[in-house]
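K.L.:
Protein chains in written order, with this note's numbering: chain A, 1 to 207; chain S, 208 to 414.
Provided herewith is a single structure, encoded as structure tokens, for subsequent inquiry.
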DNA sequence: GATGTAAACGGAACGCGCTCCGCTTAGGTG
DNA sequence: CACCTAAGCGGAGCGCGTTCCGTTTACATC
């Protein structure tokens, strides 16, 4: 039903059945208009009709390109998240490979928290209730954490723990930690690191 | 602490400024109608207008009583959650007090998972994005977990860890674990217990 | 009872996300 | 170039959650 068309903007290097020129033009127009509107007012004050009007496009076109509001938000985030994902897989340590798993776990949390901090509103919209992780980057994060946890914390269910850790970083949850509970970003980061350390069996101080 | 007699409440044992008879009658009608409809079709197929019509009440009345859709869902859940809350505070062990904190943590997870399992859809509706824990029972759970964690896992930030653990039990997250990832309830329960044990420094295979 | 008034009422109306469907057009084919 | 067809288009329209506001009513006071 929601076939998210999130292909590369310009060059069709894959074998997509072909994208018509007008379709490509409209997608770019929509992305440009949406980016501008969101930067100006914040996504919660930008309706789908606003975007369509600003892009000189019918609402039908908007929805055919991006599926729904969440899909559009995801597309707007695409660039930022892709950078982070690349850093995870092939970047420099400690985010990328080359250091102990426990250290990479800490780095993941801190890096991802920065990302969330910058784009909370967009991320909240990109993750509608009941559709967690659909097509989004979450499955990659889950796999990443699972692998790291298998190394760093072999005594727990790595898949489960990966989800549990990710749950704390979910946009809505982070928003609640920061605004609802009034926690500083530093506290959340420290909390993450403490949790990870505790799981990876770091030496505890005894009295 | 002087008791100036400003107005004598008749049978109003609470401190509500007075609830008019028609208001009370309508609230009961709404709750009855909503309960019936939700049992019959599931909340996702019950609109606010449906409830208003079935209760022979204007939509305005519905909203004045319950605020919004989430508030109505919360009210429908009230009975079930209250039982659980009572069990936490003054019930029999291991849910209630009387056993080590680590054991109560495990019991909390298992009990709450049962609750969530029975009422996921309602709980998802009761927790709209960005309004986590507003007026709901979450702050109580958070406090409960915080206190237990201070006992069981003194080496981590108890408040933070409470939130992290709760995040995994959030309705939307649980729905994803169960339906999205296809995990069995048993696996989730075991995962919870494993995590809690790991945090509470249960004996590992080294001194 | 008569009266005043704040609370409660109901449903029309709004804005939103999203769908539907008749029309248009890009781009391959002969 | 003319033709064909499926992909693309746009915007009217739907159903929803929510709000607004003129009307009604419960209840205290006289």
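No residue lacks a Cβ here, since even glycine has one placed at the ideal position from N, Cα and C.
It should be emphasised that the depicted structure is a prediction, and the values quoted were computed from it without experimental measurement.
Hey, how far is the Cα of residue 93(A) from the Cα of residue 237(S)?
P.N.:
Mapped onto the first chain, residue 93(A) falls at position 93. Mapped onto the second chain, residue 237(S) falls at position 30. Roughly 58 Å separates the two Cα atoms.
K.L.:
Comparing alpha-carbon positions, which option in 270(S), 376(S), 226(S) lies nearest residue 331(S)?
P.N.:
Walking along the second chain from the start, residue 331(S) turns up at place 124. Answer by Cα proximity: 376(S).
K.L.:
Alpha carbon to alpha carbon, how far is residue 198(A) from residue 302(S)? Give it in angstroms, no decimals.
P.N.:
If you number the second chain from 1, residue 302(S) lands on position 95. If you number the first chain from 1, residue 198(A) lands on position 198. About 25 Å.
K.L.:
Three-state secondary structure (DSSP) at residue 54(A)?
P.N.:
Here residue 54(A) refers to the residue found at position 54 when the first chain is read from its first residue. Correct three-state label for residue 54(A): helix.
K.L.:
Closest Cβ-Cβ distance between residue 76(A) and chain S: below 8 Å?
P.N.:
If you number the first chain from 1, residue 76(A) lands on position 76. No, because no Cβ of chain S sits closer than 8 Å to the Cβ of residue 76(A).
K.L.:
Quick one: measure Cβ to Cβ for residue 407(S) and residue 395(S), integer angstroms, because I've assumed they're closer than 8 Å.
P.N.:
Here residue 407(S) is taken as the residue at index 200 of the second chain, counted from 1. Here residue 395(S) is taken as the residue at index 188 of the second chain, counted from 1. At roughly 19 Å, the Cβ-Cβ gap does not stay under 8 Å, so residue 407(S) and residue 395(S) are not in contact.
K.L.:
Using DSSP with H/G/I as helix, E/B as strand and the rest coil, what is residue 95(A)?
P.N.:
Residue mapping note: residue 95(A) aligns to position 95 of the first chain, counting from 1. Residue 95(A): coil per DSSP, three-state reduction.
K.L.:
Can you name the residues of chain A whose CB is closer than 9 Å to the CB of residue 364(S)?
P.N.:
Residue numbering aside, residue 364(S) sits at position 157 when the second chain is read from its first letter. The contacting residues are 187, 190, 191, 194, 195.
K.L.:
Which residues in chain A sit within 9 Å of residue 367(S), going by Cβ to Cβ distance?
P.N.:
Within the second chain, the letter at position 160 stands for residue 367(S). 168, 177, 183, 187, 188, 190, 191, 192, 194, 195, listed in chain order.
K.L.:
Is it the case that the Cβ atoms of residue 108(A) and residue 72(A) are separated by a distance below 8 Å?
P.N.:
The residue labelled residue 108(A) in the question sits at position 108 within the first chain. The residue labelled residue 72(A) in the question sits at position 72 within the first chain. Result no, Cβ atoms of residue 108(A) and residue 72(A) do not sit closer than 8 Å.
K.L.:
Note down the Cα distance separating residue 126(A) from residue 69(A), rounded to an integer number of angstroms.
P.N.:
As a first step, residue 126(A) must be located in the first chain, where it is residue number 126. As a first step, residue 69(A) must be located in the first chain, where it is residue number 69. Between residue 126(A) and residue 69(A), the C-alpha separation is close to 7 Å.
K.L.:
Distance check for residue 82(A) and residue 161(A), CA to CA, integer angstroms please.
P.N.:
Position 161 of the first chain, counted from the start, is the residue given in the question as residue 161(A). Position 82 of the first chain, counted from the start, is the residue given in the question as residue 82(A). Distance between the alpha carbons of residue 161(A) and residue 82(A) is about 24 Å.
K.L.:
Helix, strand or coil for residue 238(S)? Go by DSSP, reduced to three states.
P.N.:
Residue numbering aside, residue 238(S) sits at position 31 when the second chain is read from its first letter. DSSP places residue 238(S) in helix when its eight states are reduced to three.
K.L.:
In terms of residues, what are the limits of the alpha helix (DSSP H) holding residue 120(A)?
P.N.:
Within the first chain, numbered from 1, the residue matching residue 120(A) stands at position 120. 101-126 is the extent of the alpha helix (DSSP H) around residue 120(A).
K.L.:
Would you tell me roughly how many angstroms separate the C-alpha atoms of residue 346(S) and residue 381(S), rounded to the nearest one?
P.N.:
On the second chain, position 139 is the one that residue 346(S) refers to. On the second chain, position 174 is the one that residue 381(S) refers to. Going by the C-alpha atoms only, they are around 18 Å apart.
K.L.:
CB residue 379(S) to CB residue 43(A), shorter than 8 Å?
P.N.:
Taking the first residue of the second chain as position 1, residue 379(S) is located at position 172. Taking the first residue of the first chain as position 1, residue 43(A) is located at position 43. Against a cut-off of 8 Å, the Cβ pair of residue 43(A) and residue 379(S) comes out as no contact.
K.L.:
So is residue 89(A) in contact with chain S if we call contact Cβ pairs under 8 Å?
P.N.:
Sequence index remark: in the first chain, residue 89(A) carries index 89 (1-based). Answer no: the Cβ-Cβ gap between residue 89(A) and chain S never drops below 8 Å.
K.L.:
Using a Cβ cut-off of 8 Å (strictly closer), state whether residue 180(A) contacts chain S.
P.N.:
Within the first chain, residue 180(A) is the residue found at index 180, counting from 1. So, interface residue.
K.L.:
Under 8 Å, with one C-beta from each stretch per pair, do the segment 23-37 of chain A and the segment 45-55 of chain A reach the 3-pair mark?
P.N.:
With a cut-off of 8 Å, the segment 45-55 of chain A and the segment 23-37 of chain A count as touching, because enough Cβ pairs lie within range.
K.L.:
When the distance is taken between beta carbons, is residue 59(A) closer than 8 Å to residue 26(A)?
P.N.:
Along the first chain, read from residue 1 onward, the residue named residue 26(A) stands at position 26. Along the first chain, read from residue 1 onward, the residue named residue 59(A) stands at position 59. Cβ atoms of residue 26(A) and residue 59(A): not closer than 8 Å.
K.L.:
Could you give the distance in angstroms between the alpha-carbon of residue 390(S) and the alpha-carbon of residue 228(S)?
P.N.:
Position 183 of the second chain, counting from 1, holds the residue named residue 390(S). Position 21 of the second chain, counting from 1, holds the residue named residue 228(S). Each residue's Cα considered, the two are about 48 Å apart.
K.L.:
Look up residue 183(A) in the DSSP assignment and say whether it is helix, strand or coil.
P.N.:
The residue you call residue 183(A) lines up with position 183 of the first chain. In this structure, residue 183(A) counts as coil in the three-state DSSP scheme.
K.L.:
Among the residues of its own chain, which have a CB less than 8 Å from the CB of residue 166(A), if the five just before and after it don't count?
P.N.:
Translated into positions along the first chain, residue 166(A) becomes position 166. For residue 166(A), where only same-chain residues beyond five positions count, the Cβ hits under 8 Å are 138, 141, 142, 145.
K.L.:
Is residue 180(A) closer than 8 Å to residue 364(S) when the C-beta atoms are compared?
P.N.:
Residue 364(S) sits at position 157 when you count from the first residue of the second chain. Residue 180(A) sits at position 180 when you count from the first residue of the first chain. In this structure, residue 180(A) does not lie closer than 8 Å to residue 364(S) by Cβ.
K.L.:
With a Cβ-Cβ cutoff of 8 Å, do residue 77(A) and residue 122(A) count as a contact?
P.N.:
Your numbering for residue 77(A) matches position 77 in the first chain. Your numbering for residue 122(A) matches position 122 in the first chain. Contact flag set, yes.
K.L.:
Can you look up residue 253(S) in the DSSP assignment and give me helix, strand or coil?
P.N.:
Position 46 of the second chain, counted from the first residue, corresponds to residue 253(S). Three-state result, residue 253(S): coil.
K.L.:
Under 8 Å Cβ to Cβ from residue 112(A), same chain only, skipping five residues before and after it: list those, please.
P.N.:
Taking the first chain and counting its residues from 1, one reaches residue 112(A) at position 112. 84, 141, 169, listed in sequence order.
K.L.:
Three-state secondary structure (DSSP) at residue 280(S)?
P.N.:
Reading the second chain from its first residue, position 73 is the one you call residue 280(S). It is helical.
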